[in-house]
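One structure is given here, and the rest of the page talks about it.
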Amino acid sequence: MNSGIEKSIEIAGCASCASCVKTPQSLQDFPIEWEGDHYVSRREMVKFLTLGSFLLVLANWATAFARSMIRKDSSTVLRLGPASDLAQNGALLFRYPTPQDPCIAVRTQEGALVAYSQVCTHLSCAVVYDKSADQLVCPCHRGVFNVDRGAPIAGPPTRPLARVKIEQRGDHIFATGLEV
Amino acid sequence: MNDRQFFIDYSRCIGCQSCVQACGECDTHRGTSMIHLETIERIDSVQTAPQVCMHCEDPVCARVCPADAIKKTPDGVVQSSLKPRCIACSNCVVSCPFGVPKYMAEFEQMMKCDMCYDRTSVDKKPMCATVCPSGALMFTTMEEIQRTRMGIPVNSWKFGQEEVKTKVYVMVPRAVERVNIDLVQITPTPASLPVDPYDIALMLEVLQ
């Protein structure tokens with residue numbers, strides 16, 4: 001047993017002397033001194049960093065997953081009307097996803113079905129469909145958007161229009177969600 | 001930390017309660033005083049004595065705390081219990097030889113004098129020492145107290161067989177070197193009992 005004590009003293013780096021009083025293990029683990037209590041060992045630091053990183057990864061995954069869940073739940077399907085209402089090279093106004101969000105559905109000259117938010121990305125005027133040019137035009141400041149992708153091609157707007165997913169099911173047209 | 005020390009001169013106390021009031025006005029524990037103003041031999045005398053924490057070098061209150069809630073600062077001040085840790089077991093209350101820690105039922109926590117650490121750590125006097133009108137509680141240098149007082153300051157105590165050294169000094173007559181307080185032994189202590197060969201805690205201590 002004595003050899004055990006001497007060994008532990010050697011490990012602690014203390015010279016063996018008669019006056020040396022060994023601190024009990026309980027006080028080493030739970031020191032009364034403020035400094036000892038505040039001391040952060042390397043192992044604790046590494047443990048904190050590892051667990052912290054792990055939690056950060058989990059939180060990121062949870063956020064990504066939550067976003068996808070919310071998006072899935074929030075997309076409501078709205079029937080816009082019979083497909084005959086939207087003739088080739090024609091436009092149809094509707095509100096989606098709430099009655100406060102004006103949108104415009106367009107059947108282009110090529111026959112493609114597209115829909116965008118009607119709110120201009122410059123100063124929120126309502127854009128309209130210019131049949132002759134096959135473009136979406138904002139009358140306030142003459143902003144022009146490409147009808148295929150909603151991208152700004154002329155005027156002050158710099159950001160594309162928010163796109164609404166639209167599809168034809170049988171003889172009817174439905175808005176099924178927003179493209180973010 | 002400054003070189004000023006805390007001195008108690010019990011014989012100078014006039015029982016005015018100024019220290020009690022001042023302690024209660026401290027922002028860290030507003031409304032609750034940490035000082036015990038004791039009456040001594042109430043039948044025969046009107047003498048009172050203020051008792052602040054003596055800040056032992058080896059604080060028994062911290063040693064017996066099962067929740068590791070009482071800490072000593074590098075300058076030797078034993079702090080009040082840490083609120084997140086204190087489990088209100090009152091071990092410290094019964095173990096302190098000076099009877100300083102108080103169990104505050106309304107906070108479910110032990111609270112005691114911390115020598116106004118918010119003040120003394122920035123070289124200000126503790127609240128009680130600033131208001132004491134008779135100099136029973138003094139926060140000053142050793143030279144100053146020796147120059148102005150008849151007695152001498154001691155910080156060595158003996159309670160029964162237990163020797164205690166404190167950070168706070170008390171003024172005693174010049175003949176006294178250590179304050180000895182005899183205790184009546186009513187139950188056997190671990191020291192007076194034969195060693196239990198099956199004491200697991202003792203075995204672990206020896207193995208370490």
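Quick mapping for you: the protein sequence lines, in order, are chains A and B. According to my numbering, the first sequence is numbered sequentially starting from 1. According to my numbering, the second sequence is numbered sequentially starting from 1. We treat Cβ as the ideally placed atom computed from N, Cα and C, and that holds for glycine. Since this is a predicted model, take the numbers as computed values, not measurements.
Going by Cα to Cα distance, which pick from A/105, A/88, A/109 is closest to residue 176 of chain A?
What you label residue 176 of chain A is simply residue 176 of the first sequence in a count that begins at 1. Checking every option, the nearest Cα to that of residue 176 of chain A belongs to A/105.
Measuring only the C-alpha atoms, how far is residue 107 of chain A from residue 97 of chain A?
Mapped onto the first sequence, residue 107 of chain A falls at position 107. Mapped onto the first sequence, residue 97 of chain A falls at position 97. Taking the straight line joining both Cα atoms gives about 20 Å.
Taking Cβ to Cβ, would you say residue 111 of chain B is nearer than 8 Å to residue 81 of chain B?
Counting from one through the second sequence, the residue named residue 111 of chain B turns up at place 111. Counting from one through the second sequence, the residue named residue 81 of chain B turns up at place 81. Contact flag set, yes.
Along the chain, where does the alpha helix (DSSP H) that runs through residue 91 of chain B open and close?
As a position in the second sequence, residue 91 of chain B is number 91, starting the count at 1. Here the alpha helix (DSSP H) through residue 91 of chain B covers 91-95.
Under the rule that 16 or more other beta-carbon atoms within 10 Å means buried, what is residue 157 of chain B, buried or exposed?
On the second sequence, residue 157 of chain B is found 157 positions in, with the first residue counted as 1. Residue 157 of chain B should be labelled buried.
Distance, Cα to Cα, residue 144 of chain B vs residue 207 of chain B?
Numbered from 1 along the second sequence, position 144 holds the residue referred to as residue 144 of chain B. Numbered from 1 along the second sequence, position 207 holds the residue referred to as residue 207 of chain B. Distance between the alpha carbons of residue 144 of chain B and residue 207 of chain B is about 49 Å.
Between the beta-carbon of residue 122 of chain A and the beta-carbon of residue 103 of chain A, is there less than 8 Å?
Taking the first residue of the first sequence as position 1, residue 122 of chain A is located at position 122. Taking the first residue of the first sequence as position 1, residue 103 of chain A is located at position 103. No, the Cβ-Cβ distance between residue 122 of chain A and residue 103 of chain A is not below 8 Å.
Enumerate in chain order the residues of its own chain whose CB-to-CB distance from residue 116 of chain B is below 7 Å, with the five nearest sequence positions on each side excluded.
One-based indexing of the second sequence puts residue 116 of chain B at position 116. Here the set comprises 26, 126, 127.
Among A/112, A/48, A/172, whose alpha-carbon lies nearest the alpha-carbon of residue 85 of chain A?
By 1-based counting over the first sequence, the position of residue 85 of chain A is 85. Residue 85 of chain A has its Cα closest to that of A/172, out of A/112, A/48, A/172.
For the segment 64-94 of chain B, which residues have a beta carbon sitting closer than 8 Å to at least one beta carbon of chain A?
Listed by position along the chain: 68, 70, 71, 72, 73, 74, 79.
How about residue 4 of chain B and residue 139 of chain B: do their beta carbons lie closer than 8 Å?
In the second sequence, the residue the question calls residue 4 of chain B occupies position 4. In the second sequence, the residue the question calls residue 139 of chain B occupies position 139. In this structure, residue 139 of chain B lies closer than 8 Å to residue 4 of chain B by Cβ.
Considering only residues of the same chain and omitting the five flanking positions on each side of residue 2 of chain A, which have a CB-CB separation below 8 Å?
Taking the first residue of the first sequence as 1, we reach residue 2 of chain A at position 2. Residue placement at residue 2 of chain A is poorly supported in this model, since its pLDDT is 43, which falls under 50; the coordinates are not used for a value here.
Can you tell me which residues form a DSSP beta bridge with residue 39 of chain A?
One-based indexing of the first sequence puts residue 39 of chain A at position 39. In DSSP, residue 39 of chain A forms no bridge with anything.
Quick check: what's the CA-CA separation for residue 7 of chain B versus residue 169 of chain B?
Residue 7 of chain B sits at position 7 when you count from the first residue of the second sequence. Residue 169 of chain B sits at position 169 when you count from the first residue of the second sequence. Whole-angstrom Cα-Cα distance: 5 Å.
Taking Cβ-Cβ distances below 8 Å as the criterion, which residues of the segment 50-65 of chain A are in contact with chain B?
Those residues of the segment 50-65 of chain A that come within reach of chain B (Cβ to Cβ, closer than 8 Å) do not exist; the list is empty.
Which residue's Cα is closest to the Cα of residue 55 of chain B: B/39, B/113, B/87, B/9?
The sequence position of residue 55 of chain B within the second sequence is 55, counting from 1. The shortest C-alpha separation from residue 55 of chain B is found at B/113.
What in chain B is Cβ-close to residue 33 of chain A, meaning under 9 Å?
As a first step, residue 33 of chain A must be located in the first sequence, where it is residue number 33. Result: 71, 72, 73, 74.
Kindly provide the ranges of any alpha helix (DSSP H) runs that are 4 or more residues long and lie completely inside the segment 33-103 of chain B, ordered along the chain.
Whole alpha helix (DSSP H) segments, 4+ residues: 60-64, 91-95.
Report the neighbours of residue 205 of chain B on chain A: residues whose CB is nearer than 8 Å to its CB, in chain order.
Position 205 of the second sequence, counted from the first residue, corresponds to residue 205 of chain B. The contacting residues are 24, 25.
Using CA atoms only, rank isn't needed, just tell me which of B/184, B/104, B/59, B/45 is closest to residue 32 of chain B.
Translated into positions along the second sequence, residue 32 of chain B becomes position 32. With distances taken between Cα atoms, residue 32 of chain B lies closest to B/104.
Let me know the secondary structure DSSP gives residue 44 of chain A once reduced to three states.
Locating residue 44 of chain A in the first sequence gives position 44, where the first residue counts as 1. Helix.
What residues from chain A crowd round residue 59 of chain B, counting only those whose CB sits closer than 8 Å?
Counted from its first residue, the second sequence places residue 59 of chain B at position 59. Residues of chain A passing the Cβ test: 32.
When you compare only the Cα positions, how much space is there between residue 76 of chain B and residue 41 of chain B?
Indexing the second sequence from 1 puts residue 76 of chain B at position 76. Indexing the second sequence from 1 puts residue 41 of chain B at position 41. When rounded, the distance between both Cα atoms is 32 Å.
May I have the straight-line CA-CA distance separating residue 157 of chain A from residue 169 of chain A, to the nearest angstrom?
Residue mapping note: residue 157 of chain A aligns to position 157 of the first sequence, counting from 1. Residue mapping note: residue 169 of chain A aligns to position 169 of the first sequence, counting from 1. Their Cα atoms are separated by approximately 33 Å.
Quick one, are the C-beta atoms of residue 155 of chain B and residue 166 of chain B less than 8 Å apart?
As a first step, residue 155 of chain B is located in the second sequence; it is residue number 155 there, counting from the start. As a first step, residue 166 of chain B is located in the second sequence; it is residue number 166 there, counting from the start. Going by C-beta atoms, residue 155 of chain B is nearer than 8 Å to residue 166 of chain B.
Which residue wins for smallest C-alpha separation from residue 160 of chain A, given the options A/127, A/140, A/83?
Taking the first sequence and counting its residues from 1, one reaches residue 160 of chain A at position 160. Among A/127, A/140, A/83, the Cα nearest to that of residue 160 of chain A belongs to A/127.
Alpha helix (DSSP H) containing residue 22 of chain B: first to last residue?
Translated into positions along the second sequence, residue 22 of chain B becomes position 22. First-last of the alpha helix (DSSP H) with residue 22 of chain B: 18-24.
Count the other C-beta atoms from every protein chain shown that fall within 10 angstroms of the C-beta of residue 119 of chain B, then say buried if there are 16 or more, exposed otherwise.
The residue labelled residue 119 of chain B in the question sits at position 119 within the second sequence. Classification of residue 119 of chain B: buried, given that the 10 Å Cβ count is 16 or more.
So, under 8 Å CB-CB, residue 42 of chain A and residue 116 of chain A are touching, yes? Tell me the CB distance rounded to an integer number of Å.
The residue you call residue 42 of chain A lines up with position 42 of the first sequence. The residue you call residue 116 of chain A lines up with position 116 of the first sequence. Wrong, their Cβ atoms sit about 58 Å apart, outside the cutoff.
What's the C-alpha gap between residue 52 of chain A and residue 113 of chain A?
Along the first sequence, read from residue 1 onward, the residue named residue 52 of chain A stands at position 52. Along the first sequence, read from residue 1 onward, the residue named residue 113 of chain A stands at position 113. Residue 52 of chain A and residue 113 of chain A: Cα-Cα distance of roughly 48 Å.
List, in order along the chain, the chain A residues whose C-beta lies closer than 9 Å to that of residue 62 of chain B?
Working through the second sequence from its first residue, we reach residue 62 of chain B at position 62. Chain A residues near residue 62 of chain B: 32.
Using the rule of at least 16 other Cβ atoms within 10 Å of the residue's Cβ for burial, across every protein chain shown, is residue 171 of chain B buried or exposed?
By 1-based counting over the second sequence, the position of residue 171 of chain B is 171. Classification for residue 171 of chain B: buried.
Give the interface partners of residue 37 of chain A over in chain B, defined as CB-CB distance under 8 Å, in chain order.
Position 37 of the first sequence, counted from the start, is the residue given in the question as residue 37 of chain A. By Cβ distance, chain B contributes 68, 71.
Can you check whether the CB of residue 14 of chain B is closer than 8 Å to the CB of residue 95 of chain B?
Residue mapping note: residue 95 of chain B aligns to position 95 of the second sequence, counting from 1. Residue mapping note: residue 14 of chain B aligns to position 14 of the second sequence, counting from 1. No, these two residues do not count as a Cβ contact at 8 Å.
Considering Cα atoms alone, identify which of B/160, B/191, B/192 is closest to residue 178 of chain B.
The residue given as residue 178 of chain B occupies position 178 in the second sequence. Looking at the Cα atoms, B/160 is the closest of the given residues.
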